[in-house]
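Residue numbers (UniProt numbering): 1 to 181. By construction, the Cβ of each residue, glycine as well, lies at the ideal position given by its N, Cα and C atoms. Take a look at the structure below.
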């Protein structure tokens, strides 16, 4: 982050750290919105004119939000995990690279398969009305793996775990943090 000549360097550092924290939180809201199929949450991460390019979809982010949060018969569950975040902040704009592992269980022709995708989001961000938003998002795929599901849900230790993730607002996180967390 560039500092103005008249700005206290400690204040500039705090502002940069705050922006990086806000960008991290923005990306975790993106993941939760996608995994819980929460159109309101996912829709809140984009600028008004945001664009997405993830291969299967290229276009306005609001159309992407509708596509991702509309239930379908193929995707049974999804899980996004982000890491290795790098941001360059410049005032009210920023650029970033965010590593991602996304796992989905797909049901096709009566069989379940796990799809693992590793890649990165290459983003531009804008601060609008004091809040950071994603302006552009391009997905870069680095690797993928597809294999028959081996998940065990109702036996042994796994059968004792009663809190289960869902793809809607019945997920336990909403009871803990509320709809806007």
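Subject >> Endpoints, alpha helix (DSSP H) assigned at residue 62 >> reply: For the purposes of this step, residue 62 is taken as residue 62 along the chain shown, with counting starting at 1. Per DSSP, residue 62 belongs to the alpha helix (DSSP H) from 61-69.
**OP:** Determine the DSSP secondary structure at residue 37, reduced to helix, strand or coil.
**Re:** As a working mapping, residue 37 is identified with position 37 in the chain shown. Residue state, collapsed to three classes: coil.
Original post:
The alpha helix (DSSP H) spanning residue 175 covers which residue range?
Top reply: On the chain shown, position 175 is the one that residue 175 refers to. Start and end: 172-177.
**OP:** Compute the Euclidean distance between the alpha carbons of residue 148 and residue 64, then round it to the nearest angstrom.
**Re:** Here the question's residue 148 lines up with position 148 in the chain shown. Here the question's residue 64 lines up with position 64 in the chain shown. Residue 148 and residue 64: Cα-Cα distance of roughly 28 Å.
Original post:
How far does the alpha helix (DSSP H) with residue 157 in it reach, from first residue to last?
Top reply: On the chain shown, residue 157 is found 157 positions in, with the first residue counted as 1. Counting along the chain, the alpha helix (DSSP H) containing residue 157 begins and ends at 156-160.
**OP:** Using beta-carbon positions only, say whether residue 109 and residue 146 come within less than 8 Å of one another.
**Re:** Position 109 of the chain shown, counted from the first residue, corresponds to residue 109. Position 146 of the chain shown, counted from the first residue, corresponds to residue 146. Cβ atoms of residue 109 and residue 146: not closer than 8 Å.
Original post:
Comparing alpha-carbon positions, which option in 14, 123 and 89 lies nearest residue 54?
Top reply: Counted from its first residue, the chain shown places residue 54 at position 54. Checked all of 14, 123 and 89; the closest Cα to residue 54 is 123.
**OP:** Kindly indicate which three-state DSSP category residue 127 falls into: helix, strand or coil?
**Re:** Counted from its first residue, the chain shown places residue 127 at position 127. Reduced to three states, the DSSP call for residue 127 is strand.
Subject >> C-alpha gap between residue 29 and residue 38, whole angstroms >> reply: In the chain shown, the residue the question calls residue 29 occupies position 29. In the chain shown, the residue the question calls residue 38 occupies position 38. The straight-line gap from Cα to Cα measures roughly 10 Å.
Subject >> Which residues DSSP lists as bridging residue 139, in chain order >> reply: Translated into positions along the chain shown, residue 139 becomes position 139. Paired residues: 121.
Original post:
Looking only at its own chain, which residues have a Cβ that is under 6 Å from the Cβ of residue 101, when we skip the five neighbours before and after it?
Top reply: Stepping through the chain shown from its first residue, residue 101 is reached at position 101. 81 and 118, listed in sequence order.
**OP:** Return the CA-CA distance between residue 58 and residue 52, expressed in angstroms with no decimal places.
**Re:** As a first step, residue 58 is located in the chain shown; it is residue number 58 there, counting from the start. As a first step, residue 52 is located in the chain shown; it is residue number 52 there, counting from the start. The alpha-carbon atoms of residue 58 and residue 52 are separated by roughly 6 Å.
Original post:
Any idea what DSSP makes of residue 20, helix, strand or coil?
Top reply: Working through the chain shown from its first residue, we reach residue 20 at position 20. In this structure, residue 20 counts as helix in the three-state DSSP scheme.
**OP:** May I have the straight-line CA-CA distance separating residue 61 from residue 107, to the nearest angstrom?
**Re:** Taking the chain shown and counting its residues from 1, one reaches residue 61 at position 61. Taking the chain shown and counting its residues from 1, one reaches residue 107 at position 107. Cα to Cα, residue 61 sits roughly 26 Å from residue 107.
**OP:** Just tell me which of 178, 94, 76 and 115 has its CA closest to the CA of residue 103.
**Re:** One-based indexing of the chain shown puts residue 103 at position 103. Looking at the Cα atoms, 115 is the closest of the given residues.
Subject >> Distance, residue 10 Cα to residue 75 Cα >> reply: Here residue 75 corresponds to residue number 75 of the chain shown, with the count starting at 1. Here residue 10 corresponds to residue number 10 of the chain shown, with the count starting at 1. Looking at the two C-alpha atoms, the distance is approximately 47 Å.
Original post:
Cα-Cα, which of 35, 177 and 94 is closest to residue 70?
Top reply: Mapped onto the chain shown, residue 70 falls at position 70. Among 35, 177 and 94, the Cα nearest to that of residue 70 belongs to 35.
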